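Working notes for the structure below.
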Amino acid sequence: MVDTGATSTFIKAAIVHNIKHRRITPTQTRTTLADGHSTLIILGIVPLLVKINHVPTYVRAFVAENLTADMILGMDWCSKNNVEIYARKKEVVVWHHRLGKTTAHFNEQASVDVELADKICLQPYEEKVVQVNVALSSAQLVCFEPDIAECAKRAIASYTAVLTVSKCSSNVLLFNRTNLPNTIRKGTKLGSICFMSDKTNTHTLLDNKTEHVGMTSTNSELKPQANEVNAVIDKLTEHITNNQDRHDFLDILHQFRHTFDTSKATQAHVTIHHTIPTADARPTSVRPFYKTPQQRETLHNEVKKLLHDNVIRGSTSPWASPVILKKKPDGTYRFIVDFRRLNAVTKKDAYPQPTTEELLNRLAGHRFFTKLDLKSGYFQIPISEADKEKTAFVTQDGLYEFNVLAQGLMNAPPTFQRVMNNLIATGRWNYVVVYLDDILIFSDSIKEHKKHVAEVLSILQKARFRVSSSKCVIAVEKVEFLSHIITVAGIEPSPDKIQAILDIPSPKTLTQANRFIGKIGYYRKFIKDFAKIAAPIHKVTNKPGPKKREFYWAEEQQLAFDRFKQILTTPPLFLNFPDKSTPFILSTDASKVRVGGVLKQVVNGNLKVNYYLSRLLSQTESRYSTTEREALAIMWCLDKLRYYIGDSSITINTDHKPLVNFHKKLSFANKRVDSYLLKMQDMLPQIVEIKYKPGKENNDADYMTRQDDQGRDDKDEWPRGTVTWDDEVIATACTRSKTKQQQQPLLPTNDTVVLNTPIATKASTKSIPAATTPIDLTHDRIRQAQEGDSNITTIVKQLTDGKKNDQFCFQDNILFRLIRKKGRGTLSKVAYLPNSLISTAMDAFHDHPLSGHFGTTRTFNKLKARYWWPQMRRAVEQHIRSCDKCARHNIRRTKEDGHLKNIQPPDDVFQIVHMDFWGPMTTSDDGNRYVLVLTDNLSKYVIAEAYPDCTAKTAAKFFVEKYILVHGAPERLITDNGTHFSNALMKTITQTTNIKHAFSASYHPQTNGQVERFNATFSAQLAKYCNKEKSDWDVFLQQVVNAYNTGIHATTGFAPYELAFGRKFRSPFDSTSPVVKLSRATDFYKYLQRSRKIIINAACENIRQQHHLSKQRYDTNRKDTTYDIGDLVYVKVCSNRHKLDERWLGPFEIIQRCGDQNYIVGEQGTTRTDRCHVSQLRQVVERHNVALLAN
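Residue numbers (full-length UniProt numbering): 1 to 1191.
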């Protein structure tokens, strides 16, 4: 490389050794690079002949050890050899006095290594701009390419960038891809730079002054998808209590993990493609609808995303459907294509949908169920190439067509069902049912179920289907499917079908009772003995005006009410299964607060109910017009019943005449109603008719929307079961003045506090629960309480007797404490709080929702601004430390309890061993997924084997065959508490061989840190040798273990092999000795014994020294807490915790102490026990009487 910024010529030492050269003159000097602080160590000076083409040139070059380029020709070479550089022509011309001139052109493909300038430590997922060294003094607009392999080894990522080099230095962006701190050494190669061609367009995004750039979106994209899939699989199996079964299902799900990876959109590989038969229909096309700039940008982004996912492609089709953007509640838009014109000319596919009764009958009597839901199922089904043009849609930016099955296309459900039947259902009648994108696997035994689940997942993965993990359940004994609950005991309707009836509250007024008995009369002719059942309710209803106050609702009426609800939700009036041979009838209605509907069928002349639906309207929906609310009721009910109705025809009854057959119109002249039609366009062909039915004939649906009209009855009505007005019953009715009064802020005046009113915000209808007793800290209350406090009365008596006291004053018959504010000379006065009110003040300023359960400082500052009493801060601290809610939810800001307890080194090797499983890993070519590792405590010698599973049998076989039969039985075995180690088989082995088996506490791997540390070491080494698919990791396992065992260990100072076997390891790369010396066996044995004793003693001393240093560091600012039997503690939640869940559970009782820092704790009132480390415990602080502290 020619560098005009370099004054001298340099050559890398490794290059000099490989070429012919004259003698090197040694020297020990340093030279400073152009950046002003980086230095190169010069090993010597060598004369060199450098030929440019056929022309020889001569130069004396400095030999350097750490040179990023092989050779740098500096200005000394240029001057001495008459070199001319033409940057514009990109050539170097060398003039020779005898041979003339020669020209060498720039090599634009050449690259220069880029190395990290200084050691850095990146925090988990941190992104940072770092300084790098380049073997160029300066350069403008060079292209940086990261070294992918080297970055992968270091668990970092960098990015292709355009850089400017100045003084041999530049900046690049690094990202830590792990969830652990990552230290990168100085001099690490990060990539290389090369010069760019003149045709390359560049844009400056960063300059060299940039110190840090945060890119949250980039960080999230770079987090490994494997971790997300692992978390999904763990969550799907966390409910399985049997550890062996859970591990088996984990293995199955991991084997087919690609089925759960939804990070990228995929198309299924199936033989059946969706077709759109339109016969000889002429193509229909429309112009794109008008969009605002914001909508157009949203549409552009959505199209861009679909193009990226290969869901759509550009089109030249004669067909064109318009696009609608429907605004969602969060302000974003939903992308919908209006295919109604295309659907109108599409020939209907009569492929049958399976009936609910048929599918559910096949499930009856089975015990285990797995439910799989395909992710964006339609988008995984390809469309026939010839019919893709018919799905074309038009925007203001272009014309596009779908590659996959789009939402809203007619015949989409039949195609989907045909694909799934052909792929999965056919031939597997005895253990799989499929209904569109819902797949249910059922089995009699867990063993069969594992086989069935594995088979179905194998088919899905082979076909490249993806499932939505949030809607999947694995190996459960109770599952909801097609609006029914299935268990081994039987099948019953889902509560959702009848919840609208079950939620109807009992009538509280005469009007409500009249409404109920009037609406239930709709079913009079279908309910046997209707008059007899309704008689108790008739007895208290239909009262004339003067007798309205005689209304009551007693047990007799409640029994009749409950009986009617039971009749409405059970056979024969209620159908568990729909009759597919009979059309459905859907009656809908909407009020100002609720929408609802009832799905029915007329079977053999008798009315049968299939489904009740009802929900409250949101605040926005309640402001819709009547037409919009009635249309919402229809479309919401259809959407909820989509899978229940299937492909059956349906007639809809509504009491709103303008909506009659509105589904047949392309435009209703109402944007909201049009959007409903567009959303449900694929179901519109199933609607036979939308009929008008007056409200008095639409009673069943009408009552679904008016069941909770409370507080709207006549003022003269009496609440049920009362002789006088009840304030609690009528509390929901407030006058305007009362409402204003309740909305006044509760700010204390004259240092008084009264808290006894529920508080509600405008954005929520829920209120903070009121205290059961008012919190009264008014001056009157304080004055009254001070009169009964002996300490206060003593001080008051002294003040009234004329004794001078600068700390107190007595005004308005209240004793005040005088407080001098810091930094100011002014005095302020606060009330002396008597002992009887201290607890009340604590509750008000810490426990009450307005105080928020904050910490000591915040609570103390609030209190001291208003009150004073002796030992005030101690009382606040004790109150908060003993607060149960704070103890359960607060984050611990200090180091965890417990000093470091090291295991003392044993007297000899193989006395104490540690064992653990590592994995699961990507399944290797030999089928292995786990590594079982055993480490000797003293020598650190490691034995490791790869296995396909992590079962108890595997662990026992390894321990006996690979260790005990080779090295003998150890005195002590240390493992974690997993079922592969804590089981009857391992217990039998350890007891038979007289081995003491010790377990680490749950979620405390530090106890078994010896083997955990090796796991972290060897996994990184394995990754450096694996192929791209990571399928040959087990091939290199033994080589990596051997390299570890034969290297010097930092703790002992010896190689593990040397300590274990008393001799040095002879490497295959070592040369053989020409002389072999044979000694007598007895002499060698004595020599071996002496040598082993010396090195073991030295190793033990080194271990103790390292233990001492580690303990000093670890114990600094850390409590060494101990507990006694019977103490109450909270236990830390170490896993499966959600955002608002408790961080600590309890209280638990200390039952037994196991060693120095482990305890057996038991839950009070149960037999549940668990082993916990002291760092996972927090003491329950008893709340003392604050009056004692004050005294």
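Think of the CB as a built atom: it goes at the ideal place given N, C-alpha and C, for glycine as much as any other residue. Remember, predicted model here, so these are calculated numbers, not experimental data.
N-terminal and C-terminal residue of the alpha helix (DSSP H) that residue i is part of
i: Arg341; result: Arg340 to Ala344
i: Lys691; result: First-last for Lys691: Ile687 to Tyr692, but that is the beta strand (DSSP E), not the alpha helix (DSSP H).
i: His449; result: Ile446 to Lys462
i: Leu440; result: Premise fails: Leu440 lies in the beta strand (DSSP E), Asp438 to Ser443, not in any alpha helix (DSSP H).
i: Ile645; result: Arg642 to Ile645
i: Leu360; result: Thr356 to Leu363
i: Phe958; result: Ala952 to Phe958
Per-residue DSSP class, three states only, for residue i
i: Glu385; result: helix
i: His967; result: helix
i: Asn791; result: helix
i: Pro507; result: coil
i: Gly1126; result: coil
i: Pro1147; result: strand
i: Gln741; result: In this prediction, Gln741 has a pLDDT of 42, which is less than 50 and means its spatial position is unreliable; what the coordinates show is noted afterwards. Looking at Gln741 - three-state DSSP - the assignment turns out to be helix.
i: Met1; result: coil
i: Met410; result: coil
i: Thr164; result: strand
i: His274; result: strand
i: residue 1241; result: Nothing can be reported for residue 1241: it is not among the residues displayed for the chain, which extend from 1 to 1191.
i: Trp319; result: coil
i: Ser79; result: helix
i: Glu630; result: helix
Segment limits, beta strand (DSSP E) that includes residue i
i: Phe668; result: No beta strand (DSSP E) contains Phe668, which DSSP labels as neither H nor E.
i: Tyr611; result: Asn606 to Leu616
i: Ala61; result: Val55 to Ala64
i: Tyr351; result: Taken as a continuous stretch (DSSP letters only), Tyr351 belongs to no beta strand (DSSP E), as it is neither H nor E.
i: Asn182; result: Asn182 to Ile184
i: Ala998; result: Lys996 to Phe999
C-alpha distance - residue i paired with residue j, whole-angstrom precision
i: Gln681; j: Val323; result: 13 Å
i: Leu659; j: Asp776; result: 59 Å
i: Phe564; j: Asp387; result: 54 Å
i: Ala344; j: Lys664; result: 10 Å
i: Ala157; j: Val172; result: 11 Å
i: Asp397; j: Lys12; result: 58 Å
i: Glu1163; j: Ala231; result: 29 Å
i: Asn133; j: Ser166; result: 10 Å
i: Tyr1057; j: Asp936; result: 11 Å
i: Glu385; j: Thr395; result: 22 Å
i: Asp897; j: Asn1117; result: 10 Å
i: Val93; j: Trp77; result: 13 Å
i: Gln267; j: Gln255; result: 20 Å
i: Gly537; j: Ala560; result: Sequence check: residue 537 is Ile here, not Gly. When rounded, the distance between both Cα atoms is 7 Å.
i: Lys862; j: Met842; result: 10 Å
Those residues which DSSP pairs with residue i across a bridge
i: His1173; result: Asn1158
i: Met915; result: Leu934
i: Lys128; result: Leu174
i: Gly1062; result: None, per the DSSP bridge assignment.
i: Gly597; result: Thr588 and Leu613
i: Phe335; result: Leu325
i: Trp869; result: Answer by DSSP bridge pairing: none, since Trp869 is not bridged.
beta-carbon residue i near the ligand GTP non-hydrogen atom, thresh 6 Å
i: Gln396; result: By its list of ligands, the structure shown contains no ligand whatsoever, and the ligand GTP lies outside what it can speak to.
Quiz item: Counting pairs of Cβ atoms below 8 Å between the segment 799-810 and the segment 850-864, do you hit three or more?
Solution: no
Quiz item: Do the segment 273-286 and the segment 354-372 meet, that is, are 3 or more Cβ pairs less than 8 Å apart?
Solution: no
Quiz prompt | Touching by the beta-carbon criterion (3+ pairs, under 8 Å), the segment 464-480 and the segment 361-371 | solution = yes
Quiz item: Are the segment 666-682 and the segment 611-622 in contact at 8 Å, needing three or more beta carbon pairs?
Solution: no
Quiz item: Does the segment 111-120 come close enough to the segment 179-188 to have 3 or more Cβ pairs within less than 8 Å?
Solution: yes
Quiz item: Pairing CB atoms from the segment 296-305 with CB atoms from the segment 410-422, are three or more of them under 8 Å?
Solution: no
Quiz item: Is there contact between the segment 1165-1175 and the segment 865-884, where contact requires at least three CB pairs shorter than 8 Å?
Solution: no
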